[in-house]
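Q: Remember, our numbering sits 93 above the position in the sequence shown when you count from 1. One structure, as structure tokens, below. Some questions next.
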Amino acid sequence: MSVLLKVDGLSIAFGGLKAVDNLSFEMNEREIYGIIGPNGAGKTTAFNCITQFYRPDAGTIMFNSKKQGMMNLVGLKPHQIIGHGLVRTFQNVELVASLSVIDNLLVGAHIAFETGIVSQILRLPKAKNEERALRGRAEEVLEMLELSHIKNQLAVMQPYGHQKKLELGRTLMMSPKLIILDEPAAGLNDVETAGLMDIIKKVTKTLNCGILLIEHDMNFVSKMCDRICAINFGKLLAIGTPDEIKSHPDVQEAYLGKTEEV
Ligand SMILES: Nc1ncnc2c1ncn2[C@@H]1O[C@H](COP(=O)(O)OP(=O)(O)OP(=O)(O)O)[C@@H](O)[C@H]1O
Ligand SMILES: [Mg+2]
Numbered sequence: 094m095s096v097l098l099k100v101d102g103l104s105i106a107f108g109g110l111k112a113v114d115n116l117s118f119e120m121n122e123r124e125i126y127g128i129i130g131p132n133g134a135g136k137t138t139a140f141n142c143i144t145q146f147y148r149p150d151a152g153t154i155m156f157n158s159k160k161q162g163m164m165n166l167v168g169l170k171p172h173q174i175i176g177h178g179l180v181r182t183f184q185n186v187e188l189v190a191s192l193s194v195i196d197n198l199l200v201g202a203h204i205a206f207e208t209g210i211v212s213q214i215l216r217l218p219k220a221k222n223e224e225r226a227l228r229g230r231a232e233e234v235l236e237m238l239e240l241s242h243i244k245n246q247l248a249v250m251q252p253y254g255h256q257k258k259l260e261l262g263r264t265l266m267m268s269p270k271l272i273i274l275d276e277p278a279a280g281l282n283d284v285e286t287a288g289l290m291d292i293i294k295k296v297t298k299t300l301n302c303g304i305l306l307i308e309h310d311m312n313f314v315s316k317m318c319d320r321i322c323a324i325n326f327g328k329l330l331a332i333g334t335p336d337e338i339k340s341h342p343d344v345q346e347a348y349l350g351k352t353e354e355v
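Listed below in structure tokens is the structure:
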């Protein structure tokens, strides 16, 4: 099994607050890996550091890039990270309200376009071919997400479960090696959550990619993840299988403020 992501000694402070404090963990290729912790534990901040939305104060983030193998991501720009095969979603759904479902996938994929803006405007043959290829890819992604039947409808009119799937779809347009999901099941009902779980698992298998996710719902994390890293106050509490994490006394205390089954 080879390593896909290795975070080592990651730290960032805002003023005096150590939001992420010497955090280290690693995940393997094709693994579904979870990060849990109470509100304000530093989960989103850790993701922002990994994806270089924030520049960490210390630490290395080694990633097995699809372009150049193991490399440190620290110092790259967020859009450069995507080219190496690491893509993310945000904690809140961010779709373009005025566009259809399929067009939301296509705008997300503009980074994958190699043709310059001029040839796109002039609609030169290369740009046309690329657009056709992207459209084909978008159709495949919609198929995978079971959203083909609503592809021409406005994204914003869709139920929240569809919108969350569509966000995942935008990452799939980039041919990722690692997808980072911030609370993919937040706001979903039980049926939508179960549907999303199935789709995430299917996607991982089909695309051979890893998933790193934050989720509050312990049930979701336990069912989804091969391994979990629990953090609190920016610091690592424990790493283990879902069962190990659920029965870990420090995790129980951090989650509930008391030591009983979570
Ligand atoms: N840009 C920022 N400036 C200042 N403080 C920040 C910033 N981003 C996060 N923080 C602080 O860092 C800490 C960790 O926040 P973070 O959003 O990473 O937590 P989280 O684990 O994702 O929480 P939640 O479960 O509520 O999403 C919090 O105390 C937060 O207020
Ligand atoms: Mg968060």
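Even glycine gets a Cβ: it sits at the ideal position worked out from N, Cα and C. The model shown is predicted, which means the values in this text are computed figures rather than measured ones.
Going along the chain, which unbroken runs of the beta strand (DSSP E) with 3 or more residues stay wholly within the stretch 248 to 279?
A: Within the stretch 248 to 279, the complete beta strand (DSSP E) runs of at least 3 residues are 271 to 275.
Q: CB L329 to CB A347, shorter than 8 Å?
A: No.
Q: Threshold first: 3 residues or longer. Then list the beta strand (DSSP E) segments lying entirely within the stretch 159 to 201, N to C.
A: Correct list: 162 to 165, 179 to 181.
Q: To which residues of the same chain is K159 closer than 8 Å at the C-beta, ignoring the five residues directly before and after it?
A: For K159, where only same-chain residues beyond five positions count, the Cβ hits under 8 Å are H177, G178, S268, K270.
Q: Taking buried to mean at least 16 other C-beta atoms within 10 Å of its own C-beta, is G130 buried or exposed?
A: That one is buried.
Q: Does the Cβ of T137 lie closer than 7 Å to at least one heavy atom of ligand 2?
A: Yes, the beta carbon of T137 sits closer than 7 Å to at least one heavy atom of ligand 2.
Q: Going by beta carbon distance, what residues of the same chain come within less than 7 Å of N301, once the five residues before and after it are set aside?
A: Closer than 7 Å at Cβ, skipping near neighbours: R123.
Q: Distance, Cα to Cα, N245 vs V194?
A: Distance between the alpha carbons of N245 and V194 is about 6 Å.
Q: CB of I105 to nearest heavy atom of ligand 2: below 7 Å?
A: It does not: the Cβ of I105 is nowhere closer than 7 Å to a heavy atom of ligand 2.
Q: Below 8 Å CB to CB, which residues in the same chain sit around G168 once its five sequence neighbours on both sides are set aside?
A: Excluding sequence neighbours, G168 sits near Q145, R148.
Q: Compute the beta-carbon to beta-carbon distance between S117 and V100, rounded to the nearest angstrom, for a pair I have assumed lies under 8 Å.
A: 6 Å between Cβ atoms; contact.
Q: Between L188 and V234, how many whole angstroms is the CB-CB distance? I'm expecting something under 8 Å.
A: About 14 Å; that fails the 8 Å criterion.
Q: Please go through the same chain and pick out, in chain order, the residues whose beta-carbon is closer than 6 Å to the beta-carbon of G262, but skip the five residues on each side of it.
A: If we look at G262 and ignore the five residues flanking it on each side, its Cβ neighbours are L198, V234, L238.
Q: Compute the beta-carbon to beta-carbon distance between L240 and L259, rounded to the nearest angstrom, for a pair I have assumed lies under 8 Å.
A: Indeed they touch by this definition, with Cβ atoms about 7 Å apart.
Q: Where DSSP assigns a beta bridge to A331, which residues make up the other side?
A: DSSP output for A331 lists A323 as bridge partner(s).
Q: I need the DSSP call for L281, collapsed to helix, strand or coil.
A: Correct three-state label for L281: coil.
Q: Using CA atoms only, rank isn't needed, just tell me which of I125, M163, L103 is closest to K298.
A: Checked all of I125, M163, L103; the closest Cα to K298 is I125.
Q: Tell me M120's beta-bridge partners as DSSP assigns them.
A: Per DSSP, L98.
Q: Which of helix, strand or coil does DSSP assign to Y126?
A: Y126 falls in the strand class under three-state DSSP.
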